[in-house]
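Protein sequence lines, in the order shown, are assigned to chains A and B.
Each residue of the first sequence is one higher than the one before, starting from 2 at the first, in the numbering used here.
Each residue of the second sequence is one higher than the one before, starting from 62 at the first, in the numbering used here.
The beta carbon of each residue, even a glycine, is placed where N, CA and C say it ideally should be.
These numbers were taken from a predicted model, which means no experiment stands behind them.
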Amino acid sequence: MITLSGVHKSFGPNRVLRGVDLTIAKGESMVIIGGSGTGKSVLLKSVLGLVTPDQGTITLDGQDVTKGDRDAFLARFGMLFQGGALFDSLKVWENVAFRLLRGTLKRPKAEAREIAIEKLRRVGLKPETADMFPAELSGGMQKRVGLARAIAASPEIIFFDEPTTGLDPIMSGVINDLIREIVVEMGATAMTITHDMSSVRAIADRVAMLHDGLIRWSGPVAEMDATPDPYVQQFIHGRATGPIAAVR
Amino acid sequence: MTLTAPLAALGRMTLALLAATGRVALFAAAIVSHIFRPPFYPREFGQALMQIGWFSLPVVGLTAVFTGGALALQIYSGGARFNAEAVVPSIVAIGMVRELGPVLGGLMVAARVASSIAAEIGTMKVTEQIDALVTLSTNPLKYLAVPRVLAATLAVPVLVAVGDAIGIAGGWMVGVQRLGFNSATYLQNTADFLEVWDVTSGLWKGAAFGFIVAVMGCYHGMNSGRGAQGVGAATKAAVVGASVLILAANYLLTEVFFSA
Numbered sequence: 002m003i004t005l006s007g008v009h010k011s012f013g014p015n016r017v018l019r020g021v022d023l024t025i026a027k028g029e030s031m032v033i034i035g036g037s038g039t040g041k042s043v044l045l046k047s048v049l050g051l052v053t054p055d056q057g058t059i060t061l062d063g064q065d066v067t068k069g070d071r072d073a074f075l076a077r078f079g080m081l082f083q084g085g086a087l088f089d090s091l092k093v094w095e096n097v098a099f100r101l102l103r104g105t106l107k108r109p110k111a112e113a114r115e116i117a118i119e120k121l122r123r124v125g126l127k128p129e130t131a132d133m134f135p136a137e138l139s140g141g142m143q144k145r146v147g148l149a150r151a152i153a154a155s156p157e158i159i160f161f162d163e164p165t166t167g168l169d170p171i172m173s174g175v176i177n178d179l180i181r182e183i184v185v186e187m188g189a190t191a192m193t194i195t196h197d198m199s200s201v202r203a204i205a206d207r208v209a210m211l212h213d214g215l216i217r218w219s220g221p222v223a224e225m226d227a228t229p230d231p232y233v234q235q236f237i238h239g240r241a242t243g244p245i246a247a248v249r
Numbered sequence: 062m063t064l065t066a067p068l069a070a071l072g073r074m075t076l077a078l079l080a081a082t083g084r085v086a087l088f089a090a091a092i093v094s095h096i097f098r099p100p101f102y103p104r105e106f107g108q109a110l111m112q113i114g115w116f117s118l119p120v121v122g123l124t125a126v127f128t129g130g131a132l133a134l135q136i137y138s139g140g141a142r143f144n145a146e147a148v149v150p151s152i153v154a155i156g157m158v159r160e161l162g163p164v165l166g167g168l169m170v171a172a173r174v175a176s177s178i179a180a181e182i183g184t185m186k187v188t189e190q191i192d193a194l195v196t197l198s199t200n201p202l203k204y205l206a207v208p209r210v211l212a213a214t215l216a217v218p219v220l221v222a223v224g225d226a227i228g229i230a231g232g233w234m235v236g237v238q239r240l241g242f243n244s245a246t247y248l249q250n251t252a253d254f255l256e257v258w259d260v261t262s263g264l265w266k267g268a269a270f271g272f273i274v275a276v277m278g279c280y281h282g283m284n285s286g287r288g289a290q291g292v293g294a295a296t297k298a299a300v301v302g303a304s305v306l307i308l309a310a311n312y313l314l315t316e317v318f319f320s321a
């Protein structure tokens with residue numbers, strides 16, 4: 002279980018997070034929605050320790066994430082980055098098997114390659130893709146490779162940062178379905194940040210809306226459409242008028 | 062505006078410069094501390110060695126051959142004022158191995174390598190590849206900076222040695238073909254006047270310059286701002302910073318090596 006309590010983060014005068022409280026249960030798929038620049042990525046990166054909160058605590062199974070063995074902590078996570086964040090200088094299979102080629106999870110090269118090809122197949126990519134470089138792939142294929150890398154070491158927790166940004170609706174649907182299937186299949190805890198409502202409906206068990214540095218609303222995805230919260234209603238229906246300023 | 066405003070601005074600039082110096086020094090110290098601690102990345106080290114050493118050979122070689130030739134012409138022309146044309150071989154050799162080989166080699170490597178390291182790592186930062194490394198339990202400093210710094214520190218002395226030889230050859234070519242020196246006499250004079258410390262001091266300088274080039278490239282890359290403009294600014298800062306530090310370090314090392 003991931004618990005965030007009173008998390009604050011500012012960048013200079015810009016107060017991005019103003020006391021975020023959020024709990025993500027084990028095995029749950031939580032989707033965080035909110036407009037651009039509301040701090041969704043900062044929130045996600047705070048859990049991983051890529052950003053250090055100014056105040057507040059973040060715990061994983063009751064343990065403060067800033068304490069203890071960092072390698073062991075990170076080994077429990079997989080992450081799909083917004084732009085894929087694939088390493089240009091490495092082949093696709095080396096990207097996917099990155100964690101399996103070094104460090105505590107190191108395997109023999111042939112075995113790591115086999116696992117990478119299997120994970121590529123799992124995300125719908127042919128084995129021939131394995132020896133290509135990321136620059137030779139389309140945006141959708143790069144996302145799939147990023148997804149394969151995120152699941153390569155069978156993590157307990159997977160983070161997805163804007164998984165469908167920049168993709169056409171069909172490819173977005175493919176990625177959403179893959180994420181849902183993989184999360185269910187692996188029994189992983191998932192945290193996704195997005196402003197794509199089709200992703201929310203496809204991926205989420207629960208939804209939390211981040212606005213103005215605070216969680217405005219959270220609840221099961223089935224209750225999202227019925228909630229009277231004006232912020233959620235404006236956001237999910239994409240209205241220009243409402244409590245959320247269109248110009249931020 | 063008060064009369065103290067210019068002083069305050071000067072103070073702020075001084076403090077900013079000192080803070081930046083401190084950050085670079087701590088960054089360099091962190092890299093050095095990681096060199097001897099596992100995990101090691103031999104593949105990344107090998108790639109960096111090829112990129113920094115092997116692929117810099119043409120530019121360093123061309124710089125050296127033209128510098129050696131020009132030096133021979135200058136010394137011949139200057140020496141003629143007091144009938145000392147005969148010193149051309151020895152001055153070309155000493156000038157190349159002590160000063161011009163390491164400094165010009167270092168500056169050319171700074172232009173070629175510091176810029177490429179800063180641009181590569183800066184692009185990795187803005188495309189979240191550095192964050193990805195962290196989430197994959199890999200220390201970016203160890204994976205990206207240590208192999209490059211180690212490779213540059215080891216490769217630049219070799220480049221300097223090659224540059225020295227090519228520079229001396231350039232001087233010999235001009236001396237023999239253009240200035241009428243006897244080939245055997247030119248080479249004999251070069252060998253007679255050159256001491257081992259002349260050469261090794263230049264190689265030590267090369268190692269220091271290689272370290273500076275890679276540290277500046279990695280530091281500015283890892284601290285790159287956002288977007289293309291941020292990467293461009295990081296690249297420029299890396300080249301300018303490395304070049305200035307090479308010239309400053311050259312003076313300090315010359316004081317240490319050769320002050321009587």
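> Of the choices Lys92/A, His9/A, Val175/A and Met172/A, whose alpha-carbon is the least far from that of Arg150/A?
Replying inline: The residue you call residue 150/A lines up with position 149 of the first sequence. Checking every option, the nearest Cα to that of Arg150/A belongs to Lys92/A.
> For Glu146/B and chain A, any beta-carbon pair shorter than 8 Å?
Replying inline: To locate residue 146/B, count along the second sequence from 1; it is residue 85. For Glu146/B, the answer is no, since every Cβ of chain A falls outside 8 Å of its Cβ.
>> Quick check on the DSSP output: what are the complete beta strand (DSSP E) runs of length 3 or more inside the region 62-149 of chain A, in order along the chain?
In response: 78-81
>> Can you give me the C-alpha to C-alpha distance between Met160/B and Ser117/B, rounded to a whole angstrom?
In response: Numbered from its first residue, the second sequence carries residue 160/B at position 99. Numbered from its first residue, the second sequence carries residue 117/B at position 56. This sequence places Glu at residue 160/B; Met is not what is there. Answer to the nearest angstrom: the Cα atoms are 19 Å apart.
> Just the Cα atoms here: how many angstroms apart are Val208/A and Leu102/A?
Replying inline: Start at 1 with the first residue of the first sequence, and residue 208/A comes out as number 207. Start at 1 with the first residue of the first sequence, and residue 102/A comes out as number 101. Roughly 36 Å separates the two Cα atoms.
> Between the Cα of Ala226/B and the Cα atoms of Ile113/B, Ala109/B and Gly130/B, which residue gives the shortest distance?
Replying inline: Taking the second sequence and counting its residues from 1, one reaches residue 226/B at position 165. Selected option, being the one with the closest Cα: Gly130/B.
> Around the Cβ of Phe97/B, are there at least 16 other Cβ atoms within 10 angstroms (buried) or fewer (exposed)?
Replying inline: The residue labelled residue 97/B in the question sits at position 36 within the second sequence. The residue is exposed, with fewer than 16 neighbouring Cβ atoms inside 10 Å.
>> Which residue marks the beginning of the beta strand (DSSP E) containing Ile25/A, and which one marks its end?
In response: Start at 1 with the first residue of the first sequence, and residue 25/A comes out as number 24. Taken as a continuous stretch (DSSP letters only), the beta strand (DSSP E) holding Ile25/A covers Asn15 to Ile25.
> How is Met187/A classed by DSSP in three states: helix, strand or coil?
Replying inline: Translated into positions along the first sequence, residue 187/A becomes position 186. Of the three classes helix, strand and coil, the one that applies to Met187/A here is helix, per DSSP.
> With distances taken between CB atoms, is the gap from Ile59/A to Thr190/A smaller than 8 Å?
Replying inline: For the purposes of this step, residue 59/A is taken as the residue at position 58 of the first sequence. For the purposes of this step, residue 190/A is taken as the residue at position 189 of the first sequence. Cβ distance not < 8 Å, so Ile59/A and Thr190/A don't count as in contact.
> Going by DSSP, which residues form a beta bridge with Gly220/A?
Replying inline: If you number the first sequence from 1, residue 220/A lands on position 219. Paired residues: Val208/A.
>> Would Leu61/A pass as an interface residue toward chain B - the criterion being a Cβ-Cβ separation below 8 Å?
In response: Taking the first residue of the first sequence as 1, we reach residue 61/A at position 60. No, Leu61/A does not count as interfacial toward chain B.
> Using a Cβ-Cβ cut-off of 7 Å (strictly less than) and excluding sequence neighbours within five positions of Arg16/A, which residues of its own chain qualify?
Replying inline: As a first step, residue 16/A is located in the first sequence; it is residue number 15 there, counting from the start. Around Arg16/A: Gly214.
> In chain A, which residues lie less than 7 Å from Trp275/B when you measure between Cβ atoms?
Replying inline: Along the second sequence, read from residue 1 onward, the residue named residue 275/B stands at position 214. The sequence as given places Ala at residue 275/B; Trp does not occur at that position. Those do not exist, as Ala275/B stays about 17 Å from chain A at its closest Cβ, beyond 7 Å.
>> Rounded to whole angstroms, what is the Cα-Cα separation between Leu306/B and Thr166/A?
In response: Within the second sequence, numbered from 1, the residue matching residue 306/B stands at position 245. Within the first sequence, numbered from 1, the residue matching residue 166/A stands at position 165. So the alpha carbons of these two residues sit roughly 43 Å apart.
> How many angstroms separate the CA atom of Ile158/A from the CA atom of Arg77/A?
Replying inline: Here residue 158/A corresponds to residue number 157 of the first sequence, with the count starting at 1. Here residue 77/A corresponds to residue number 76 of the first sequence, with the count starting at 1. Approximately 6 Å, taken between the alpha carbons.
> In terms of alpha-carbon separation, which member of Leu68/B, Ser151/B and Ser304/B lies closest to Gly278/B?
Replying inline: Taking the second sequence and counting its residues from 1, the one referred to as residue 278/B is at position 217. Considering only alpha carbons, the answer is Ser304/B.
> For Gln83/A, is the classification buried or exposed, using 16 other Cβ atoms within 10 angstroms of its Cβ as the cut-off for buried?
Replying inline: For the purposes of this step, residue 83/A is taken as the residue at position 82 of the first sequence. Counting Cβ neighbours within 10 Å, Gln83/A comes out buried, since at least 16 surround it.
>> Taking 8 Å as the threshold (beta carbon to beta carbon), is Gln190/B in contact with chain A?
In response: Position 129 of the second sequence holds residue 190/B. Yes, Gln190/B lies at the interface with chain A (some Cβ there is under 8 Å from its Cβ).
>> Could you tell me the alpha carbon to alpha carbon distance between Val66/A and Ser262/B, rounded to whole angstroms?
In response: As a first step, residue 66/A is located in the first sequence; it is residue number 65 there, counting from the start. As a first step, residue 262/B is located in the second sequence; it is residue number 201 there, counting from the start. Approximately 50 Å, taken between the alpha carbons.
> Closest to Val292/B by CA distance: which of Leu165/B, Met111/B, Ile178/B and Ala171/B is it?
Replying inline: Taking the second sequence and counting its residues from 1, the one referred to as residue 292/B is at position 231. Of Leu165/B, Met111/B, Ile178/B and Ala171/B, the residue nearest in Cα terms is Ile178/B.
> In three-state terms, what does DSSP make of Val52/A?
Replying inline: Reading the first sequence from its first residue, position 51 is the one you call residue 52/A. DSSP places Val52/A in coil when its eight states are reduced to three.
>> Once the 5 residues before and after Leu168/A are set aside, which same chain residues still bring their CB inside 8 Å of it?
In response: Your numbering for residue 168/A matches position 167 in the first sequence. So the list reads Gly140, Gly141, Lys144 and Ile176, once near-sequence residues are dropped.
> Under the three-state reduction of DSSP, which class applies to Gly7/A: helix, strand or coil?
Replying inline: Residue 7/A sits at position 6 when you count from the first residue of the first sequence. In the structure shown, Gly7/A sits in a strand (DSSP, three-state: E or B).
>> Between Gln83/A and chain B, is the shortest Cβ-Cβ distance under 8 Å, so that the two count as touching?
In response: Translated into the one-based positions of the first sequence, residue 83/A becomes position 82. Yes, contact with chain B.
>> Please give the ranges of any alpha helix (DSSP H) in the region 116-142 of chain B, keeping only runs that are unbroken, at least 4 residues long and fully inside the region.
In response: 118-140
> For Ser30/A, which beta-bridge partners are listed by DSSP?
Replying inline: For the purposes of this step, residue 30/A is identified with residue 29 of the first sequence, where counting begins at 1. DSSP, once it has assigned bridges, lists Ala191/A as partnering Ser30/A.
> At a Cβ cut of 9 Å, what residues of the region 32-49 of chain A count as close to chain B, listed as they run along the chain?
Replying inline: Lys46 and Leu49
> Counting pairs of beta carbons, one from the region 189-202 of chain B and one from the region 145-154 of chain B, are three or more of them closer than 8 Å?
Replying inline: no
> So, is Val218/B buried or exposed, given that buried needs 16 or more other C-beta atoms within 10 angstroms?
Replying inline: As a position in the second sequence, residue 218/B is number 157, starting the count at 1. Note on identity: in this sequence residue 218/B is Pro, with Val being the wrong assignment. The residue in question, Pro218/B, is buried, as its Cβ has 16 or more Cβ neighbours within 10 Å.
>> Give me the chain E residues within the contact set of Val195/B, using Cβ-Cβ distance strictly less than 7 Å, ordered along the chain.
In response: This model lacks chain E altogether; the protein chains it does include are A and B.
> Can at least three beta-carbon pairs, one atom from the region 265-273 of chain B and one from the region 161-172 of chain B, be found at a separation below 8 Å?
Replying inline: yes
>> Between which two residues does the alpha helix (DSSP H) holding Phe88/B run?
In response: Position 27 of the second sequence, counted from the first residue, corresponds to residue 88/B. First-last of the alpha helix (DSSP H) with Phe88/B: Ala66 to Ile96.
> For Leu197/B, which three-state DSSP category applies?
Replying inline: In the second sequence, residue 197/B corresponds to position 136, counting from 1. If DSSP states are grouped into helix, strand and coil, Leu197/B belongs with coil.
>> Can you pull out the residues from the region 62-74 of chain A whose beta carbon lies closer than 7 Å to at least one beta carbon of chain B?
In response: Asp72
> What residue range is occupied by the uninterrupted beta strand (DSSP E) comprising Asp162/A?
Replying inline: For the purposes of this step, residue 162/A is identified with residue 161 of the first sequence, where counting begins at 1. Looking at the DSSP string, the run of the beta strand (DSSP E) that includes Asp162/A is Ile158 to Asp162.
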